[in-house]
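Colleague: Sharing a structure below in structure tokens format, with a few things to ask.
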Amino acid sequence: RWPRIAIAGAGIVVELLVAAICVFAWFCVSSDLARQLLVNVIVMASVSTVAFNANPLMRFDGYFILSDLLNIPNLYAMGTKSFQHQLRWLFYGQLPDRNCCEIRNHRCLITCYGFCTALWKIFVCVGLVIAASALFSGLGILLAAFGVISWIARPAVSIVADLAHRRNSGPHSLLRAGCVGSAIIFLVACSWFWIPNPIASRSPCLVDYEDVSKVRSQSAGFVKSVFVVEGQAVETGAPLLQLENLELTAQVAALVARLEKERTMERIALDEQQPGAAQIAAHNHRSTEKILQEKIQQLHGLLITAPISGQVVARNLQQMVGRHVALGEMVLAIGNESGKEIILSISPDDVDSTHELVGTTIPVEIGSRRRITARIKRIEPQASTHVTRPSLIAPHGGPLAVREIGIENGRDGQDYELCDSRFHAIATIDRAVAQRLSVGERGYALLDSNSNTLGKWIVTAAHRWITEQFKT
Numbered sequence: 008r009w010p011r012i013a014i015a016g017a018g019i020v021v022e023l024l025v026a027a028i029c030v031f032a033w034f035c036v037s038s039d040l041a042r043q044l045l046v047n048v049i050v051m052a053s054v055s056t057v058a059f060n061a062n063p064l065m066r067f068d069g070y071f072i073l074s075d076l077l078n079i080p081n082l083y084a085m086g087t088k089s090f091q092h093q094l095r096w097l098f099y100g101q102l103p104d105r106n107c108c109e110i111r112n113h114r115c116l117i118t119c120y121g122f123c124t125a126l127w128k129i130f131v132c133v134g135l136v137i138a139a140s141a142l143f144s145g146l147g148i149l150l151a152a153f154g155v156i157s158w159i160a161r162p163a164v165s166i167v168a169d170l171a172h173r174r175n176s177g178p179h180s181l182l183r184a185g186c187v188g189s190a191i192i193f194l195v196a197c198s199w200f201w202i203p204n205p206i207a208s209r210s211p212c213l214v215d216y217e218d219v220s221k222v223r224s225q226s227a228g229f230v231k232s233v234f235v236v237e238g239q240a241v242e243t244g245a246p247l248l249q250l251e252n253l254e255l256t257a258q259v260a261a262l263v264a265r266l267e268k269e270r271t272m273e274r275i276a277l278d279e280q281q282p283g284a285a286q287i288a289a290h291n292h293r294s295t296e297k298i299l300q301e302k303i304q305q306l307h308g309l310l311i312t313a314p315i316s317g318q319v320v321a322r323n324l325q326q327m328v329g330r331h332v333a334l335g336e337m338v339l340a341i342g343n344e345s346g347k348e349i350i351l352s353i354s355p356d357d358v359d360s361t362h363e364l365v366g367t368t369i370p371v372e373i374g375s376r377r378r379i380t381a382r383i384k385r386i387e388p389q390a391s392t393h394v395t396r397p398s399l400i401a402p403h404g405g406p407l408a409v410r411e412i413g414i415e416n417g418r419d420g421q422d423y424e425l426c427d428s429r430f431h432a433i434a435t436i437d438r439a440v441a442q443r444l445s446v447g448e449r450g451y452a453l454l455d456s457n458s459n460t461l462g463k464w465i466v467t468a469a470h471r472w473i474t475e476q477f478k479t
């Protein structure tokens with residue numbers, strides 16, 4: 008048997024060797040046509056060889072190698088027959104015949120092999136149906152329907168004839184078959200509607216405020232005091248940060264002294280009856296007073312207050328003490344706890360199917376909380392690698408991969424960008440649900456369908472696929 012194994016494996020080895028030679032040849036040639044031909048040879052001699060020729064579930068080289076290794080001749084027929092006997096025992100209670108179909112020491116192995124070959128047949132048949140439907144459009148659907156009917160008709164006729172025969176010879180076996188079949192159907196139905204959908208596309212998402220008021224500094228200065236913490240509820244006009252600008256304070260003091268001096272000069276000119284000098288002093292007095300008012304306004308702007316009522320949105324506020332804040336720089340944000348939304352990061356592969364869900368509800372899993380529903384409101388028209396939600400990237404514990412782009416190439420002070428372009432979508436949630444969620448919580452949204460079970464997703468996907476086939 009070892010020479011037979013070597014001969015059967017020689018074909019696989021030679022094909023893999025040809026694929027390896029073509030790989031090296033691909034690096035040496037420059038013609039696009041030659042490279043494409045080499046790629047075709049590589050795929051046919053490697054992937055196809057391993058998937059089919061070396062597959063022990065098909066009667067090719069891989070099957071004969073396995074049969075000789077196990078020293079079980081005619082393994083395919085024995086496995087199929089043994090699996091059929093196990094099905095008869097399960098449904099009818101008929102004991103399998105062990106005399107001629109199995110080797111006692113490999114009984115379980117032969118049965119498992121028969122089960123695997125049956126699954127492989129189903130997989131191949133489904134693949135052929137899908138391929139025929141996709142390649143030949145309407146004619147392909149007819150061919151697929153004919154193939155399904157021809158594959159099912161013969162086993163169905165055999166089962167009906169067997170049931171008719173058992174009706175006369177052993178009615179009790181029909182009762183067992185009915186009970187076992189009903190139990191299997193019941194279990195499949197329960198699984199159909201209770202198993203969570205593991206195939207649906209899961210897009211990372213983040214809880215954020217709907218309307219956020221960005222608080223910006225009215226003056227430049229160094230942060231002296233911070234009066235709030237992240238998540239704190241504040242009212243309109245409540246103090247948030249106190250800035251300090253010694254230069255601005257000195258300028259105000261200098262302008263006050265200058266203003267007093269110019270007022271004195273104006274009074275002296277009026278007392279000495281010098282109208283020209285008095286007019287110049289009055290003009291200087293008004294200019295200095297105007298500048299002083301602007302500086303005083305900037306001085307008052309060193310105390311940053313809340314423009315609206317809401318929750319403080321910021322990170323590491325206490326670490327801002329001593330940091331310089333430029334004029335107009337955003338220091339924090341204030342949002343409303345009852346108004347939140349879900350920000351979704353969508354892959355370009357899923358954006359087409361997501362467009363069909365705009366206006367519909369989708370299931371969303373936020374952390375370890377109970378699953379909630381959200382309604383997709385809109386999808387941003389362009390994909391980008393720009394990091395708009397730092398909480399979703401890997402350095403901050405999120406699921407999105409990023410790469411460093413350097414400080415000199417960074418945008419808006421960021422030194423990361425997404426490895427792949429992503430679309431952003433907005434989904435709304437009920438206000439009652441929003442009250443229970445915290446801003447910044449991460450989760451996943453199921454976008455392939457608004458069905459959260461495997462069975463419902465299969466029905467939806469099949470219906471969508473059949474509709475698309477008839478449209479084309």
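The working numbering numbers the first residue of the sequence shown as 8 and each following residue consecutively.
Every residue, glycine too, gets a C-beta built ideally from N, C-alpha and C.
1. How would you call residue 186, buried or exposed, if buried means at least 16 neighbouring beta carbons within 10 angstroms?
2. Less than 7 Å between the beta carbons of residue 319 and residue 446, yes or no?
3. Mind checking whether residue 3 and residue 317 have CB atoms under 7 Å apart?
4. Can you have a look at residue 243 and say buried or exposed, based on whether 16 or more other CB atoms are within 10 angstroms of its CB?
5. Since residue 337 is in the beta strand (DSSP E), which residue starts that stretch and which ends it?
6. Apply the 10 Å Cβ neighbour rule to residue 399 and answer buried if 16 or more other Cβ atoms are within range, or exposed otherwise.
7. Could you round the C-beta distance between residue 453 and residue 332 to whole angstroms and report it? I think they count as a contact, below 8 Å.
8. Going by CA-CA distance only, name the one from 378, 386 and 382 that's closest to residue 358.
9. Pick out whichever of 95, 152, 51 and 310 has its Cα sitting closest to the Cα of residue 227.
10. Contact between the stretch 276-293 and the stretch 366-379 is defined here as three or more beta-carbon pairs at a separation below 8 Å; is this criterion met?
11. Per DSSP, residue 193 is paired with what?
12. Go ahead and label residue 329 buried or exposed: buried means 16 or more other beta carbons lie within 10 angstroms of its beta carbon, across all protein chains shown.
13. Is it a yes or a no for the stretch 151-160 touching the stretch 71-88, going by three-plus beta-carbon pairs under 8 Å?
14. One question on the structure: do residue 299 and residue 255 come within less than 7 Å of each other, judged by their Cβ atoms?
15. Ordered along the chain, which non-local residues of its own chain (more than five positions away) have a Cβ less than 8 Å from that of residue 102?
16. Looking at C-alpha atoms only, which residue of 132, 168, 338 and 38 is the closest neighbour of residue 248?
17. With a CB to CB cut of under 7 Å and the five nearest residues on each side skipped, what residues in its chain are close to residue 444?
18. Taking only three categories from DSSP, how would you classify residue 432?
19. What residues are listed by DSSP as bridge partners for residue 377?
20. The beta strand (DSSP E) that contains residue 102, what's its start and end?
21. Contact between the stretch 84-91 and the stretch 111-120: three or more CB pairs below 8 Å?
22. If residue 240 and residue 353 are in contact, beta carbons under 8 Å, what's the gap, nearest whole angstrom?
23. Look at the Cβ atom of residue 350, then the Cβ atom of residue 396, and state whether they are nearer than 7 Å.
24. Taking only three categories from DSSP, how would you classify residue 395?
25. What residue range is occupied by the uninterrupted alpha helix (DSSP H) comprising residue 278?
26. Quick one: give me the first and last residue of the beta strand (DSSP E) that residue 29 is part of.
27. Please give me, in chain order, every unbroken run of the beta strand (DSSP E) with length at least 3 that falls completely inside the stretch 289-345.
28. What is the DSSP secondary structure of residue 426, reduced to helix, strand or coil?
29. How long is the line joining the alpha carbons of residue 83 and residue 170, rounded to whole angstroms?
30. Just the C-alpha distance for residue 269 and residue 305, rounded to the nearest angstrom, thanks.
31. Apart from the five residues on each side of it in sequence, which residues of its chain come closer than 8 Å, Cβ to Cβ, to residue 325?
32. Can you give the Cα-Cα distance for residue 149 and residue 139, rounded to whole angstroms?
33. Tell me the rounded alpha-carbon separation between residue 196 and residue 190.
34. Excluding the 5 residues flanking residue 437 on each side, which residues of the same chain have their C-beta closer than 7 Å to its C-beta?
35. Which whole-angstrom value describes the C-beta separation of residue 69 and residue 60, a residue pair presumed to lie in contact below a C-beta threshold of 8 Å?
36. Do residue 355 and residue 390 have their C-beta atoms closer together than 7 Å?
Modeller: Here's the rundown:
1. exposed
2. no
3. Coverage of the chain is limited to positions 8 through 479, which leaves residue 3 absent and any answer about it impossible.
4. exposed
5. 337-342
6. Residue 399 sits buried, since 16 or more C-beta atoms from the chains shown fall within 10 Å of its C-beta.
7. About 42 Å separates the two Cβ atoms, so there is no contact after all.
8. 386
9. 310
10. Per the Cβ contact rule, the stretch 276-293 is not in contact with the stretch 366-379 (fewer than 3 Cβ pairs under 8 Å).
11. Residue 193 is not bridged to any residue.
12. exposed
13. no
14. no
15. 96
16. 338
17. 214, 347 and 373, listed in sequence order.
18. strand
19. Answer is none; residue 377 lacks a bridge partner.
20. Element bounds for residue 102: n/a, residue is neither H nor E.
21. yes
22. That pair is no contact at about 33 Å.
23. Annotated as proximal: residue 350 and residue 396, with beta-carbon spacing under 7 Å.
24. coil
25. Residues 253-278.
26. Looking at the DSSP string, residue 29 is not in any beta strand (DSSP E); the run it does join, the alpha helix (DSSP H), is 9-35.
27. Runs of the beta strand (DSSP E) lying entirely within the stretch 289-345 and spanning at least 3 residues, in chain order: 310-312, 317-320 and 337-342.
28. coil
29. 26 Å
30. 23 Å
31. 233 and 236
32. 9 Å
33. 10 Å
34. Closer than 7 Å at the Cβ level, and outside the excluded window around residue 437, lies no residue.
35. 6 Å
36. yes
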